[in-house]
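Quick note on numbering: the numbering used here labels position 204 of the sequence shown as 322, and the sequence is numbered without any gaps.
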Amino acid sequence: SAFLPLGTMLNRRRQDMHPMDDVSVVERLCTTRDMSLFCFGSSSKKRPFRLIFGRMFNQELLDSQEYSIVNYVPRSQFKKAAPVQIGAKPVVVFQGAGFDLNEELRQAKLLLLDYFRGPKAEKLSLMGIESAVVISAIDSPGEGEAPKMLFRHYRLNFRKSGTKVPRVELEELGPRFEMTVDRCKTPDPSRWKSALQVPKETKQKKEKSIFTNALGEKRGRLYMDQQNFEKIYTPHYHLKGTAKKRRKEADAASTKEAQSTVTSHTDGEFSA
């Protein structure tokens, strides 16, 4: 249910569809529907109960892996729990050192993580996380055996714990099965390098002296040199000289008038 808004399920059987041998049909379907990931299920006498996960880049296959499925338990065999909301993001957990040591399991981790995590979210609500996908690697497979993984799907039930952090209980939703890596198609190094490149348009540029306050409003600071207002151009810039001249004349006239007033007062005192 987590893939319904972004994924398309095709139930029609096709005899000419063998993604590990000829990927042209899958590439055409993914290009038509603008899909970058695919999962293909099949079963035959030679290869019973197979799942193939793959990724696309630039409308061509990037890499894929085929898994043999055994000990499958369908979802209908588990206790019915509250359904997970459509579009809810699950927690994806990978357990085992094999995901770091084994090359095939390392590729499987990247494939399965891209498939189950869904679109990238900037923020997550704790109460909005409803399910967990747990994939465990068997650390010590037998000699000559392919690496195996255990797939489990749980619902997260939050209970009161007396603290701010709730207590989490796991309830298995199903399905449950074991996966064994059968065949692999590793990506070409040059195409893998191109697929990892991030376009410059998507990179966020650092904005200096810009911050967001507690109300979510964008604020900024401007640093300016000391301004000389005498050199600032205004509509009356050409009148600056005239204004200065008039100001000087007014100052001189007021000074002369003050001096004459002082002189007259002084003369009157002597006459008295």
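Positions of the beta carbon are idealized from the N, C-alpha and C atoms, including for glycine.
CA-to-CA, the gap between P201 and G292 works out to about 12 angstroms. Excluding five sequence positions before and after D232, the CB atoms of its chain that fall closer than 7 angstroms to its own CB belong to L155, R173, given in chain order. Annotated three-state conformation of T373 is helix, per DSSP.
DSSP places A239 in the coil class of the three-state scheme, outside both helix and strand.
Using a C-beta cut-off of 8 angstroms, the region 220-239 makes contact with the region 170-188, since at least three inter-stretch Cβ pairs fall below that distance. In the DSSP assignment, R151 falls within the unbroken alpha helix (DSSP H) covering 142-151. Straight-line spacing of the CA atoms in S254 and S312 works out to 30 angstroms. Cβ contact annotation for A239 (same chain, cutoff 7 angstroms, sequence separation greater than five): K207, in chain order. In the assembly as shown, N129 is an exposed residue. Its beta-carbon has fewer than 16 other beta-carbons within 10 Å. With contacts defined by Cβ atoms closer than 8 angstroms, I256 and K241 do not form a contacting pair. In the same chain as E222, and ignoring 5 residues on each side of it, the C-beta atoms closer than 7 angstroms to its own belong to P265, V299, C302, in chain order. For G216, the uninterrupted alpha helix (DSSP H) segment begins and ends at 216-219. Shown here, G246 sits in a helix according to DSSP, grouped into three states. For R309, the uninterrupted alpha helix (DSSP H) run begins and ends at 307-314, by DSSP. Nearest neighbour of G246 by Cα position, chosen from H271, I204, R270, turns out to be I204. Judged by their CB atoms, F276 and Y190 are not nearer to each other than the 8 angstroms cut-off.
Here A264 carries a coil assignment [DSSP, helix/strand/coil].
Rounded to the nearest angstrom, the Cβ distance from F158 to V141 is 10 angstroms, too far for a contact under 8 angstroms.
Here G338 is exposed: its Cβ has fewer than 16 other Cβ atoms, across all protein chains shown, within 10 Å.
Annotation for R151: T126 place their beta carbon closer than 7 angstroms to its own, counting only its chain and skipping 5 residues before and after. DSSP places K303 inside the beta strand (DSSP E), whose first and last residues are 294-303. Contact between R165 and I187 fails: their C-beta atoms lie close to 11 angstroms from each other, not under 8 angstroms. In the structure shown, A255 adopts extended strand secondary structure according to DSSP, grouped into three states. In the DSSP assignment, L288 is bridged to L274. When the beta-carbon positions are compared, E263 and F196 stay at least 8 angstroms from each other.
Per the C-alpha coordinates, the member of A199, T149, R193 positioned closest to N176 is T149.
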